[in-house]
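Sequential numbering from 0 applies to the first sequence in numbering that gives the first Met the number 0.
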Amino acid sequence: MLSIPYIRKNLEEVKAGLERKNVVVNLERLLKLDDKRRQLKTETDKLRSKQNKASKEIGAAPAEKKQAKIKEMKSVSDDLKSGLAELEKTENKVKEMLITIPNPAHKTVPKGKKDTDSVVIRTEGKKPVFGFKPKDHVELGKTLDLMDVERAAKVSGSRFVYLKNELALLEYALVQYAFNKLKSKGFTPVVPPVLVKGMAMYGTGFLPADESQIYKTEHDDLYLVGTSEVSIAGYHADEILNEDELPKRYAGFSTCFRREAGTYGKDMGGMFRVHQFDKVEMFSFAKPDESYQEHDFILSIEEEIMKDMGLHYNVVNICGCDLGVSAAKKYDLDVYLPGQDAFRELTSTSNTTDYQARRLNIRMRTEKENVNVHTVNGTAIALGRMLIALMENGQQKDGSIKIPGVLHKYAGFEKIGPKSS
RNA sequence: GGAGGGAUGGCAGAGUCUGGUUUAAUGCGGCGGUCUUGAAAACCGUUGUCCUUCACGGGACCGGGGGUUCGAAUCCCUCUCCCUCCGCCA
Numbered sequence: 000m001l002s003i004p005y006i007r008k009n010l011e012e013v014k015a016g017l018e019r020k021n022v023v024v025n026l027e028r029l030l031k032l033d034d035k036r037r038q039l040k041t042e043t044d045k046l047r048s049k050q051n052k053a054s055k056e057i058g059a060a061p062a063e064k065k066q067a068k069i070k071e072m073k074s075v076s077d078d079l080k081s082g083l084a085e086l087e088k089t090e091n092k093v094k095e096m097l098i099t100i101p102n103p104a105h106k107t108v109p110k111g112k113k114d115t116d117s118v119v120i121r122t123e124g125k126k127p128v129f130g131f132k133p134k135d136h137v138e139l140g141k142t143l144d145l146m147d148v149e150r151a152a153k154v155s156g157s158r159f160v161y162l163k164n165e166l167a168l169l170e171y172a173l174v175q176y177a178f179n180k181l182k183s184k185g186f187t188p189v190v191p192p193v194l195v196k197g198m199a200m201y202g203t204g205f206l207p208a209d210e211s212q213i214y215k216t217e218h219d220d221l222y223l224v225g226t227s228e229v230s231i232a233g234y235h236a237d238e239i240l241n242e243d244e245l246p247k248r249y250a251g252f253s254t255c256f257r258r259e260a261g262t263y264g265k266d267m268g269g270m271f272r273v274h275q276f277d278k279v280e281m282f283s284f285a286k287p288d289e290s291y292q293e294h295d296f297i298l299s300i301e302e303e304i305m306k307d308m309g310l311h312y313n314v315v316n317i318c319g320c321d322l323g324v325s326a327a328k329k330y331d332l333d334v335y336l337p338g339q340d341a342f343r344e345l346t347s348t349s350n351t352t353d354y355q356a357r358r359l360n361i362r363m364r365t366e367k368e369n370v371n372v373h374t375v376n377g378t379a380i381a382l383g384r385m386l387i388a389l390m391e392n393g394q395q396k397d398g399s400i401k402i403p404g405v406l407h408k409y410a411g412f413e414k415i416g417p418k419s420s
């Protein structure tokens with residue numbers, strides 16, 4: 000959510016940032032509506048002031064004068080009531096407009112109309128060389144008995160998967176590796192709730208924009224999170240943080256649920272795009288003037304993890320049209336998957352500036368005034384997709400899969416061999 | 001699931017029965033100061049958030065929402081959360 004005083008002061012800049020996202024909003028109409036709101040506020044405040052004064056007089060007045068005074072105040076009370084009703088109506092209209100306006104894109108975000116307009120800013124690692132035709136994760140998963148998609152379909156439907164054997168163990172090795180690394184970098188490890196109230200969804204900007212992507216429970220008005228970003232952002236809702244405790248960093252492990260509406264036929268089979276996966280997420284509450292620095296920091300950790308895993312990847316500056324509502328800027332790391340012979344998104348990090356913090360009412364105490372903090376999120380490890388990358392990139396000629404050295408101590412094995420029996 | 005109790009500022013806690021000088025008492029904590037070689041103690045001062053106004057000022061907020069009233073922390077309705085006991089349960 001944007002602040003109206005900010006829009007008032009920086010109208011052209013806000014418009015340019017929205018245009019970068021290919022979004023057109025009638026901001027003049029919004030400001031006009033807010034003018035009306037302020038006028039009504041002044042009027043009703045005056046009536047209230049009158050009422051407060053009279054109320055004291057009535058309390059102190061002798062009994063015979065009381066009735067006349069009360070009669071006189073009746074009309075003021077009526078005026079106030081109708082004024083308040085109109086004020087509320089106008090306030091709601093303003094809020095309604097405001098809640099749908101996305102966060103304007105930063106000026107370093109590429110303009111564009113399609114996802115191909117995003118810009119690869121650098122490529123790291125080496126493309127793996129195989130002396131044979133590499134298999135994709137679906138085949139590897141089947142021959143090594145690591146995944147079962149068919150039975151998942153029987154039990155849950157399409158886009159679900161059972162992880163089995165070493166792959167199930169490897170997931171937990173990755174989680175431990177990630178928690179340890181992030182703890183050493185100042186992140187507080189967290190396992191948050193995955194069912195949340197509407198407040199958290201609206202606060203993070205997933206509602207109302209992405210309603211079709213979100214699972215909602217039938218009887219309890221709770222939503223299943225698509226990322227632990229939602230529950231972690233909401234953790235400090237309605238709080239005022241001290242300046243010297245920022246940045247506050249959290250590493251959240253959670254299962255993530257996504258409906259994937261409108262993706263029929265895309266990435267079918269296997270577990271690249273599934274309704275349910277686990278993820279370790281980084282999340283920072285940062286001082287406003289440090290959020291881009293924090294964004295770079297989180298990107299650097301994502302890259303460190305990719306390097307630990309020995310993966311070949313692109314760093315992509317995502318174009319305006321592909322930014323979510325709340326992001327002002329976003330980098331993806333696209334990793335080379337031999338099975339597809341393509342770079343695919345494995346992690347993503349966004350600076351949402353004060354957009355979520357304003358909606359969630361998260362502030363920072365400064366000497367002058369309290370200001371909204373900035374929030375930055377980034378994937379540490381999307382477990383399903385990381386497992387795909389490790390399987391496809393680690394596969395050997397004999398059909399086994401070598402796993403990265405940093406994971407050996409957590410996994411308790413160094414490779415996933417063909418079943419001997 | 002059943003029965004009862006509760007929600008007031010950073011924290012503790014009065015005010016609710018009986019609506020009106022309550023700009024929410026008091027204590028603790030925090031911050032500043034006096035005193036002190038320094039500290040503690042003591043004493044003095046200060047200490048919420050938001051909206052509105054160029055400013056002076058005005059207004060709102062006692063868990064959320066609604067109602068009664070000239071006027072609600074206080075009365076009524078409703079929802080949420082917390083606590084105690086019973087039942088069930090990984």
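All residues carry an ideal CB built from backbone N, CA and C; glycine is no exception.
- Distance from the CA of ASP243 to the CA of GLU368, rounded to the nearest whole angstrom, comes to 15 angstroms.
- Per DSSP, the continuous beta strand (DSSP E) segment holding VAL315 begins and ends at 312 to 316.
- Within 10 angstroms of the beta-carbon of ALA67 lie fewer than 16 other beta-carbons, which makes it exposed.
- In the three-state DSSP reduction, ASP333 falls in the strand class (E or B).
- Residue pairing from DSSP places ILE400 in a beta bridge opposite GLN394 and ILE415.
- For GLY251, the enclosing beta strand (DSSP E) covers residues 247 to 256.
- Contact check for VAL13 against LYS328 fails: the beta carbons are separated by 8 angstroms or more.
- Taking 8 angstroms as the upper bound for CB-CB distance, GLY338 and PRO133 are in contact here, some 6 angstroms apart.
- About 7 angstroms separates the beta carbon of VAL334 from that of MET305, a gap short enough to meet the 8 angstroms contact definition.
- Cα atoms of ASN350 and LEU26: separation of roughly 23 angstroms, rounded to the nearest angstrom.
- About 29 angstroms separates the Cβ atoms of LYS184 and CYS318, ruling out a contact at the 8 angstroms cut-off.
- When DSSP states are grouped into helix, strand and coil, MET72 belongs to the helix group.
- Using a Cβ distance threshold of 8 angstroms, PRO207 and ILE100 do not count as a contacting pair.
- Look at ILE57 here: in three-state DSSP terms it is helix.
- Under the DSSP assignment, ILE297 falls in the alpha helix (DSSP H) whose first and last residues are 290 to 307.
- When ASN316, GLN275, HIS294 and LEU332 are compared, the shortest CA-CA separation from GLY156 is found for GLN275.
- Taking a contact as a CB-CB distance under 8 angstroms, the pair ALA250 and THR187 counts as one, their CB atoms being some 7 angstroms apart.
- Counting along the chain, the unbroken alpha helix (DSSP H) around LYS8 starts and ends at 3 to 8.
- Between the segment 159 to 179 and the segment 277 to 296, the count of Cβ pairs shorter than 8 angstroms is three or higher; the stretches touch.
- Per DSSP, the unbroken alpha helix (DSSP H) holding GLY140 starts and ends at 136 to 142.
- Classified as exposed, SER2 has fewer than 16 neighbouring CB atoms from the shown chains inside 10 Å of its CB.
- At a Cβ-Cβ threshold of 8 angstroms, LEU389 and MET308 count as neighbours.
- Taking each of VAL372, LYS396, GLU11 and VAL189 in turn and checking the Cα distance to PRO103, the smallest one comes out for GLU11.
- Note on geometry: alpha-carbon atoms of LYS126 and ILE297 lie some 24 angstroms from one another.
- In the three-state scheme derived from DSSP, where H, G and I count as helix and E and B as strand, ASN350 is classed as strand.
- By the Cβ test, the segment 284 to 292 is in contact with the segment 361 to 381, since at least three Cβ pairs between them sit closer than 8 angstroms.
- Counting C-beta pairs with one atom in each stretch, the segment 257 to 266 and the segment 383 to 397 have fewer than three that are closer than 8 angstroms, which means they do not touch.
- Look at the segment 206 to 253 and you find these whole runs of alpha helix (DSSP H), each 4 residues long or longer: 228 to 234.
- Boundaries of the alpha helix (DSSP H) around GLY202: 197 to 203.
- Burial is judged here by how many other beta carbons sit within 10 angstroms of a residue's own beta carbon; GLN38 has fewer than 16 and is exposed.
- A Cβ-Cβ separation of about 5 angstroms places ASN313 in contact with VAL119 under the 8 angstroms criterion.
- Inter-residue distance for LYS112 and ILE380 is about 29 angstroms (C-alpha atoms, whole angstroms).
- Contact between ARG36 and LEU79 fails: their C-beta atoms lie close to 16 angstroms from each other, not under 8 angstroms.
- Beyond the five residues adjoining it in sequence on each side, ARG7 comes within less than 7 angstroms, by CB distance, of LEU30 in the same chain, given in chain order.
- In this structure, TYR234 keeps its C-beta atom at 8 angstroms or more from the C-beta atom of VAL195.
- Annotated as distal: LYS49 and LEU86, with beta-carbon spacing of 8 angstroms or more.
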